[in-house]
Amino acid sequence: MTSYARQRRRDTDSGGVSQTDTLYIVVPCFNEEEVLPVTSAALLQKLEKLCAQGAISPESRILFVDDGSRDATWSIISDLFARDERFAGLKLSRNRGHQNALLAGLTYAAPLCDMAISLDADLQDDPDAIDAMVAKHSAGADVVYGVRSSRATDTAFKRGTAGMFYRLMNKMGAETVENHADYRLMSRRALEALLEFGETNLFLRGIVPLVGFKSDVVTYERHERAAGKSKYPLKKMINFAIDGVTSFSVKPLRFIFWAGCALAACSLLALVVLAVLTIWNIHAEALIVVMLALFFLGGAQLAALGVVGEYIGKIYSETKRRPRFIIEEFLKR
Numbered sequence: 009m010t011s012y013a014r015q016r017r018r019d020t021d022s023g024g025v026s027q028t029d030t031l032y033i034v035v036p037c038f039n040e041e042e043v044l045p046v047t048s049a050a051l052l053q054k055l056e057k058l059c060a061q062g063a064i065s066p067e068s069r070i071l072f073v074d075d076g077s078r079d080a081t082w083s084i085i086s087d088l089f090a091r092d093e094r095f096a097g098l099k100l101s102r103n104r105g106h107q108n109a110l111l112a113g114l115t116y117a118a119p120l121c122d123m124a125i126s127l128d129a130d131l132q133d134d135p136d137a138i139d140a141m142v143a144k145h146s147a148g149a150d151v152v153y154g155v156r157s158s159r160a161t162d163t164a165f166k167r168g169t170a171g172m173f174y175r176l177m178n179k180m181g182a183e184t185v186e187n188h189a190d191y192r193l194m195s196r197r198a199l200e201a202l203l204e205f206g207e208t209n210l211f212l213r214g215i216v217p218l219v220g221f222k223s224d225v226v227t228y229e230r231h232e233r234a235a236g237k238s239k240y241p242l243k244k245m246i247n248f249a250i251d252g253v254t255s256f257s258v259k260p261l262r263f264i265f266w267a268g269c270a271l272a273a274c275s276l277l278a279l280v281v282l283a284v285l286t287i288w289n290i291h292a293e294a295l296i297v298v299m300l301a302l303f304f305l306g307g308a309q310l311a312a313l314g315v316v317g318e319y320i321g322k323i324y325s326e327t328k329r330r331p332r333f334i335i336e337e338f339l340k341r
């Protein structure tokens, strides 16, 4: 049991209201009008079940975070809040991306809860795993990672690229948990530690393990999307992977250095070979050789500049210290 849970029980013994920990389920949403009615019903049922079992406090809430949606997402969240006090809503002033929306929800939930669980609105992450997460928290875990037991529902391409991504991230020095996305439980003190990280370029899958504290794992089967279309096409996945690598490692910059050394060595070797061929009166098509070398070196230089530019861009955005999100409205009773 965490120190916050123990303190809450002590407060109860001295006349407080709640004897169990308060849970906030934080759900970032972007254009989720099709799936929200299904998601809200499933999560409310889960909340009621845990409350009936005495596993969580009646003060527990489901917090939907609207990440600047252009459809009826916020209208649906507002209606849910009006009908049932167990729903809460947080509206961002504009679209800031999944990671910022999730952090916004966790920021507002941290002072109100003893533990928070984050999951996506599409219900691909099995809500039944919440029971085991709460149990692991009660046993003393400050962070509980939801880990997929298999990738049978993914295409062969996605399975292969996902495996490559996790291996690459770990080699780059990030302590990511394989087959874990953003489905996790965090205790209040873990949330408070997470909020001390001030970087603008967020990659929560890499930041959360840096928090430390006792952690555990719950495995689950990932389902098909309950309704609507995926908000993570290939382009966004590639950008997310690039953000993850460049936010946690300078090894790509070192790779450029060693690649430059290797190219210089190859160029020197090529000159030696051409000199030997000339001595032996074997004349290569000089123009073809020069053109190929120029194209190769030009492409390598552009790629290197692109990697360096990615890091400079991140430094630029960090130094401006702009807010990661701006809240337009917060609905909570």
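Residue numbers (my numbering): 9 to 341. The beta carbon of each residue, even a glycine, is placed where N, CA and C say it ideally should be. No experiment lies behind these values; they were computed from the predicted model shown.
Counterpart residues of residue i in DSSP-defined beta bridges
| i | result |
| --- | --- |
| glycine 154 | Val226 |
| valine 370 | Not covered by the structure: residue 370. The range shown for the chain is 9 to 341. |
| asparagine 192 | Correcting the residue identity first, residue 192 is arginine in this sequence and not asparagine. Per DSSP, Ser126 and Tyr153. |
| phenylalanine 338 | Leu98 |
Distance between residue j and residue i (C-alpha atoms, nearest Å)
| i | j | result |
| --- | --- | --- |
| methionine 194 | leucine 52 | 20 Å |
| isoleucine 323 | leucine 277 | 38 Å |
| leucine 199 | aspartate 190 | 14 Å |
| valine 281 | alanine 273 | 12 Å |
| alanine 270 | leucine 313 | 17 Å |
| asparagine 187 | threonine 327 | 32 Å |
| isoleucine 287 | glycine 306 | 29 Å |
| alanine 140 | serine 146 | 10 Å |
| glutamate 336 | tryptophan 266 | 48 Å |
| alanine 201 | glycine 220 | 9 Å |
| glutamine 309 | tyrosine 319 | 16 Å |
| cysteine 121 | alanine 311 | 46 Å |
Beta-carbon gap between residue i and residue j smaller than 7 Å
| i | j | result |
| --- | --- | --- |
| arginine 196 | glycine 154 | no |
| leucine 344 | phenylalanine 333 | The displayed coordinates of the chain run from 9 to 341. Any statement about residue 344 would go beyond what the structure contains. |
| valine 216 | alanine 117 | no |
| aspartate 130 | leucine 100 | no |
| arginine 341 | glutamate 93 | yes |
| threonine 30 | glutamate 56 | no |
| serine 126 | leucine 110 | yes |
| glutamine 107 | leucine 203 | no |
| aspartate 150 | lysine 54 | no |
| aspartate 224 | valine 152 | yes |
| serine 65 | threonine 28 | yes |
| valine 419 | proline 119 | Absent from the model: residue 419. The displayed extent of the chain is 9 to 341, so no value can be given. |
| isoleucine 70 | phenylalanine 38 | no |
| alanine 124 | tyrosine 32 | yes |
Sequence-distant residues of the same chain with beta carbon closer than 7 Å to residue i, five excluded per side
| i | result |
| --- | --- |
| glutamate 41 | Asp79, Ala80, Thr81 and Ile84 |
| proline 135 | Ala50, Leu51 and Lys54 |
Residue i CB to nearest heavy atom of the ligand MG below 6 Å
| i | result |
| --- | --- |
| glutamine 107 | The ligand MG is not part of the structure shown, which contains no ligands of any sort. |
Same chain, Cβ closer than 6 Å to residue i, five either side skipped, listed in chain order
| i | result |
| --- | --- |
| serine 91 | Residue identity check: residue 91 is arginine in the sequence provided, not serine. So no residue of the chain qualifies. |
| alanine 63 | Val142 |
| threonine 227 | Val155 and Ser157 |
| leucine 44 | Ile84 |
| histidine 231 | Gln132 |
| arginine 102 | Gly76 |
| leucine 58 | Ile64 |
Please go through the segment 52 to 101 and give each complete beta strand (DSSP E) segment of 3 or more residues, from N-terminal end onward. 69 to 74 and 95 to 100
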